[in-house]
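Student: Just passing along the structure, written as structure tokens.
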Amino acid sequence: MSSSLVLADKVPQTLKEKLKSDYQLYEYSRLSADEIRRLAAEVRVIVASGESVVNAEFISQFPQAKLIAVFGVGYDGIDIHTATEKGITVTNTPDILTDDVADLGMALILSVSRQITAAEKFVEQGRWASGSFPLASKVTGKRLGIVGYGRIGKAVARRAKGFAMPIACFNNSPVTDPEVTRYDSLITLAENSDILVVCVSANPETRGLINRQVLTALGPTGILINISRGSVTDEDAVVEAITRGEIGGAGLDVFAHEPQVPAALLNRPDVVVTPHIASGTHETRAAMATLVADNISAYFSGQPLLTPVISR
Numbered sequence: 018m019s020s021s022l023v024l025a026d027k028v029p030q031t032l033k034e035k036l037k038s039d040y041q042l043y044e045y046s047r048l049s050a051d052e053i054r055r056l057a058a059e060v061r062v063i064v065a066s067g068e069s070v071v072n073a074e075f076i077s078q079f080p081q082a083k084l085i086a087v088f089g090v091g092y093d094g095i096d097i098h099t100a101t102e103k104g105i106t107v108t109n110t111p112d113i114l115t116d117d118v119a120d121l122g123m124a125l126i127l128s129v130s131r132q133i134t135a136a137e138k139f140v141e142q143g144r145w146a147s148g149s150f151p152l153a154s155k156v157t158g159k160r161l162g163i164v165g166y167g168r169i170g171k172a173v174a175r176r177a178k179g180f181a182m183p184i185a186c187f188n189n190s191p192v193t194d195p196e197v198t199r200y201d202s203l204i205t206l207a208e209n210s211d212i213l214v215v216c217v218s219a220n221p222e223t224r225g226l227i228n229r230q231v232l233t234a235l236g237p238t239g240i241l242i243n244i245s246r247g248s249v250t251d252e253d254a255v256v257e258a259i260t261r262g263e264i265g266g267a268g269l270d271v272f273a274h275e276p277q278v279p280a281a282l283l284n285r286p287d288v289v290v291t292p293h294i295a296s297g298t299h300e301t302r303a304a305m306a307t308l309v310a311d312n313i314s315a316y317f318s319g320q321p322l323l324t325p326v327i328s329r
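Start counting the sequence shown at 18; every next residue gets the next number (this note's numbering).
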């Protein structure tokens with residue numbers, strides 16, 4: 018069996034070097050049309066990042082591929098339907114990044130509520146000598162709403178309990194934690210939340226889930242935190258709600274058209290933006306790279322895959 022891989026998008030250099038040492042790795046962005054046709058019968062594995070777009074057209078160029086190994090927990094850019102039809106298994110890197118993403122969620126909650134970045138600029142710009150920084154909002158005891166009560170949602174809840182936050186969620190499946198209230202309506206959750214954290218998986222069903230109605234329900238003192246994907250929110254509605262003061266603030270790690278961020282969200286004391294860094298720690302990225310490599314190794318050795326998201 019050929020041990021050729023094609024890299025659909027950027028992954029950390031450490032993973033790229035490891036794959037190059039063990040397999041014949043081709044970077045799609047550097048391949049000519051002739052080279053792609055030549056490799057069509059050779060490539061068995063497509064390596065992608067969580068932000069990669071591996072659509073039906075891309076998949077069709079490598080008809081012998083049987084594995085799409087995703088470096089990331091999200092795989093919304095992968096055409097799962099086409100992969101399934103063609104007998105291709107998709108793997109991702111769940112669990113490993115759960116703690117980091119939840120940590121960033123709490124960091125954004127604290128930063129937006131206490132206006133930490135605005136306070137830092139206040140000091141750096143020499144304005145402290147002219148007066149005190151405006152009062153911010155307390156975190157402890159605030160009502161936390163979690164959209165998507167999966168691995169990351171549960172991890173956020175565990176951290177929030179340390180801040181004595183009453184916790185509620187919107188989730189498709191039942192919730193067994195007696196300390197967490199589950200609402201069948203996202204609007205109702207937003208109405209009963211001071212801070213709304215978005216942790217839901219990105220897919221066609223959740224696209225634009227956080228819309229104008231949800232933001233209106235969250236209200237003028239409510240804070241939106243998104244550590245999911247930019248596609249889960251109606252970004253235009255978020256911009257409008259922020260600029261009109263219809264919500265109290267936002268902490269956003271993800272955006273609809275990364276790396277572009279709407280200018281209206283920048284340089285505001287009530288908004289904290291970060292460049293999709295939720296899993297961005299040395300420890301987690303190294304563990305993710307190892308899991309990607311282990312899934313690929315399992316495929317070529319005929320062993321069960323470690324973290325398949327679909328199988329056939």
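Here a beta-carbon is modelled for each residue, glycine too, at the ideal position from N, C-alpha and C.
These numbers were taken from a predicted model, which means no experiment stands behind them.
In terms of residues, what are the limits of the beta strand (DSSP E) holding Ala267?
Tutor: For the purposes of this step, residue 267 is taken as residue 250 along the sequence shown, with counting starting at 1. It spans Gly266 to Leu269 - the beta strand (DSSP E) in which Ala267 sits, taken as one unbroken run.
Student: Thinking C-alpha only, which one of Ser149, Glu263 and Asp117 is nearest Ser296?
Tutor: In the sequence shown, counting from the first residue as 1, residue 296 sits at position 279. It is Asp117 whose Cα lies nearest to the Cα of Ser296.
Student: Counting only the same chain and skipping the five closest in sequence on each side, list residues whose C-beta sits under 6 Å from that of Ile313.
Tutor: For the purposes of this step, residue 313 is taken as the residue at position 296 of the sequence shown. Excluding residues within five positions, the ones whose Cβ falls inside 6 Å are Val62 and Ala86.
Student: Mind checking Ile105: buried by the 16 CB within 10 Å criterion, or exposed?
Tutor: Within the sequence shown, residue 105 is the residue found at index 88, counting from 1. Buried, by the Cβ-count rule.
Student: Going by DSSP, what residue range makes up the alpha helix (DSSP H) through Val56?
Tutor: Here residue 56 corresponds to residue number 39 of the sequence shown, with the count starting at 1. Looking at the sequence provided, one finds Leu at residue 56 rather than Val. It spans Ala50 to Leu56 - the alpha helix (DSSP H) in which Leu56 sits, taken as one unbroken run.
Student: Look at the alpha carbon of Glu252 and the alpha carbon of Val215, and state the distance between them as a whole number of angstroms.
Tutor: Translated into positions along the sequence shown, residue 252 becomes position 235. Translated into positions along the sequence shown, residue 215 becomes position 198. Cα to Cα, the separation comes out at about 13 Å.
Student: Short of 8 Å in beta carbon distance, which residues of its chain neighbour Phe139, apart from the five on each side in sequence? Order them along the chain.
Tutor: Counting from 1 along the sequence shown, the entry for residue 139 is found at position 122. So the qualifying residues of the chain are Trp145 and Phe150.
Student: Hey, how far is the Cα of Gln320 from the Cα of Ile53?
Tutor: Locating residue 320 in the sequence shown gives position 303, counting from the first residue. Locating residue 53 in the sequence shown gives position 36, counting from the first residue. Distance between the alpha carbons of Gln320 and Ile53 is about 28 Å.
Student: Taking the alpha-carbon positions, what's the Asn220 to Arg229 distance?
Tutor: Along the sequence shown, one-based indexing puts residue 220 at 203. Along the sequence shown, one-based indexing puts residue 229 at 212. Each residue's alpha carbon lies about 19 Å from the other.
Student: Any chance you could list the beta strand (DSSP E) runs of at least 3 consecutive residues sitting entirely within the stretch 179-245, in chain order?
Tutor: For the stretch 179-245, whole beta strand (DSSP E) runs of length 3 or above, ordered along the chain, are 184-187, 197-200, 212-215 and 240-243.
Student: Pull up the distance between the alpha-carbon of Ser328 and that of Lys159, whole angstroms please.
Tutor: For this step, residue 328 is matched to residue 311 along the sequence shown. For this step, residue 159 is matched to residue 142 along the sequence shown. Confidence at Ser328 is low in this model, with a pLDDT of 48, below 50, so its placement is unreliable and no value can be given for it.
Student: Using the C-alpha atoms, what's the distance from Ala136 back to Val70?
Tutor: On the sequence shown, position 53 is the one that residue 70 refers to. On the sequence shown, position 119 is the one that residue 136 refers to. Looking at the two C-alpha atoms, the distance is approximately 38 Å.
Student: Taking Thr108 as the reference, which of Glu102, Ile95 and Thr99 has the closest Cα?
Tutor: Sequence index remark: in the sequence shown, residue 108 carries index 91 (1-based). Among Glu102, Ile95 and Thr99, the Cα nearest to that of Thr108 is on Ile95.
Student: Could you please give me the residues that DSSP links to Leu42 through a beta bridge?
Tutor: As a first step, residue 42 must be located in the sequence shown, where it is residue number 25. Its beta-bridge partners are Leu22.
Student: When you compare only the Cα positions, how much space is there between Ala306 and Gly225?
Tutor: On the sequence shown, position 289 is the one that residue 306 refers to. On the sequence shown, position 208 is the one that residue 225 refers to. When rounded, the distance between both Cα atoms is 30 Å.
Student: Quick check on Tyr45: buried or exposed, where buried means 16 or more other Cβ atoms within 10 Å of its Cβ?
Tutor: Taking the first residue of the sequence shown as 1, we reach residue 45 at position 28. Tyr45 should be labelled buried.
Student: Counting Cβ pairs closer than 8 Å, one from the stretch 284-291 and one from the stretch 266-273, do we hit at least three?
Tutor: With a cut-off of 8 Å, the stretch 266-273 and the stretch 284-291 count as touching, because enough Cβ pairs lie within range.
Student: Is Gly162 helix, strand or coil by DSSP?
Tutor: Counted from its first residue, the sequence shown places residue 162 at position 145. Strand.
Student: Contact defined as beta carbons within less than 8 Å: I believe Val28 pairs with Ser66. What is the distance between those atoms, to the nearest angstrom?
Tutor: To locate residue 28, count along the sequence shown from 1; it is residue 11. To locate residue 66, count along the sequence shown from 1; it is residue 49. Contact flag correct, Cβ pair sits at about 5 Å.
Student: If you check the beta carbons only, do Ile264 and Leu125 fall under 8 Å apart?
Tutor: Residue 264 sits at position 247 when you count from the first residue of the sequence shown. Residue 125 sits at position 108 when you count from the first residue of the sequence shown. Taking 8 Å as the Cβ cut-off, Ile264 and Leu125 do not qualify as a contacting pair.
Student: With a threshold of 8 Å on Cβ separation, who are the neighbours of Glu102 within its own chain once the five nearest residues in sequence on each side are excluded?
Tutor: One-based indexing of the sequence shown puts residue 102 at position 85. Counting only Cβ-Cβ distances below 8 Å, and skipping sequence neighbours, we find nothing.
Student: What would DSSP say about Arg329, mapped onto helix, strand or coil?
Tutor: As a position in the sequence shown, residue 329 is number 312, starting the count at 1. In this predicted model, Arg329 has a pLDDT of only 41, less than 50, meaning its place in the structure is not dependable enough to derive any value.
Student: Would you report the Cα separation of Gly239 and Leu206, rounded to the nearest angstrom?
Tutor: Within the sequence shown, the letter at position 222 stands for residue 239. Within the sequence shown, the letter at position 189 stands for residue 206. So the two alpha carbons sit approximately 12 Å from each other.
Student: Assuming Thr324 and Pro111 make a contact with CB atoms under 8 Å, what is their CB distance in whole Å?
Tutor: Counting from 1 along the sequence shown, the entry for residue 324 is found at position 307. Counting from 1 along the sequence shown, the entry for residue 111 is found at position 94. Yes, Thr324 and Pro111 are in contact; Cβ-Cβ is about 6 Å, under 8 Å.
Student: How close, in whole Å, do the beta carbons of Ala50 and Phe79 come, if the pair is a contact with beta carbons under 8 Å?
Tutor: On the sequence shown, residue 50 is found 33 positions in, with the first residue counted as 1. On the sequence shown, residue 79 is found 62 positions in, with the first residue counted as 1. So it is not a contact: roughly 14 Å between Cβ atoms.
Student: Tell me which residue opens and which closes the beta strand (DSSP E) that Val87 is part of.
Tutor: In the sequence shown, counting from the first residue as 1, residue 87 sits at position 70. Run containing Val87: Leu84 to Phe88, per the beta strand (DSSP E) assignment.
Student: Would Val23 and Val309 qualify as a contact pair, given that the criterion is a beta-carbon distance under 8 Å?
Tutor: Here residue 23 refers to the residue found at position 6 when the sequence shown is read from its first residue. Here residue 309 refers to the residue found at position 292 when the sequence shown is read from its first residue. No, the pair does not count as a contact, with Cβ atoms beyond the cut-off.
Student: Which stretch, first to last residue, makes up the alpha helix (DSSP H) that contains Val140?
Tutor: In the sequence shown, residue 140 corresponds to position 123, counting from 1. First-last of the alpha helix (DSSP H) with Val140: Ile133 to Glu141.
Student: Please state whether DSSP places Arg61 in a helix, a strand or coil.
Tutor: The sequence position of residue 61 within the sequence shown is 44, counting from 1. Residue state, collapsed to three classes: strand.
Student: Based on Cα-Cα distance, which residue from Pro195, Tyr200 and Leu322 lies nearest to Asn189?
Tutor: Sequence index remark: in the sequence shown, residue 189 carries index 172 (1-based). It is Tyr200.
Student: Comparing alpha-carbon positions, which option in Arg246, Ser245 and Leu213 lies nearest Pro237?
Tutor: Residue numbering aside, residue 237 sits at position 220 when the sequence shown is read from its first letter. Of the candidates Arg246, Ser245 and Leu213, the one whose C-alpha sits nearest the C-alpha of Pro237 is Leu213.
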